[in-house]
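Down below is the structure, laid out as structure tokens.
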Amino acid sequence: MGTLATLIGAPALRGAEIGLCDIDGETLETMQRLALRMNEEWDAQMTIRASTQRRELLRDADFVIVSIQVGPREVVWRKDWEIPLRHGVRQPYAENSGPGGFAHTCRNVPEMLAIARDMEELCPQAWM
């Protein structure tokens, strides 16, 4: 939510278009309502689009901000913590370091590459 508020509140982005994507339609709807409310309250004059299909939003995008979590967050985080511990390794309290961080990366890299491939086709000039 912080990134969304920063984008909508940025004077330099007034009138821009934001595309929101989430595979969870219910979460997407909630975030779209929030974005529309911020847009209205802050008079950002943005166009807010939303889709569960990222390819619909990527065409001709200039910037793509990715925030993903592959797998149910609490379940995979717990495994990333417990599996190393069973082998005598204490996982740092974060998902981006230690053996759990490696597992986290292994889960997310394939999806990040899929997004990058879609970008290469649909918005090759865009920055991720």
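In our numbering, the protein residues as written are 14 to 141.
Virtual Cβ for every residue (Gly too), placed ideally from N, Cα, C.
The structure presented is a predicted model; accordingly, all values stated were derived computationally and were not measured.
The alpha helix (DSSP H) runs lying completely inside the region 36-91 and spanning 4 residues or more are 38-54, 67-71, given in chain order. C-alpha of Ala-139 to C-alpha of Phe-76: approximately 5 Å in a straight line.
According to the DSSP assignment, Cys-34 belongs to no alpha helix (DSSP H) but to the beta strand (DSSP E) extending over 30-34. As computed with DSSP, Trp-140 is found in a beta bridge with Phe-76. Under a 10 Å Cβ-count criterion, Cys-34 is classified as buried, with 16 or more other Cβ atoms of the shown protein chains found around its own Cβ.
The three-state secondary structure of Pro-105, taken from DSSP, is coil. Within the same chain, Val-77 come within 6 Å of Met-141 by CB-CB distance, once the 5 residues on both sides are set aside. Classified as buried, Met-59 has 16 or more neighbouring CB atoms from the shown chains inside 10 Å of its CB. Distance between Leu-49 and Ile-61, taken at the CA atoms: about 7 Å. Collapsing the DSSP output to three states places Arg-130 in a helix.
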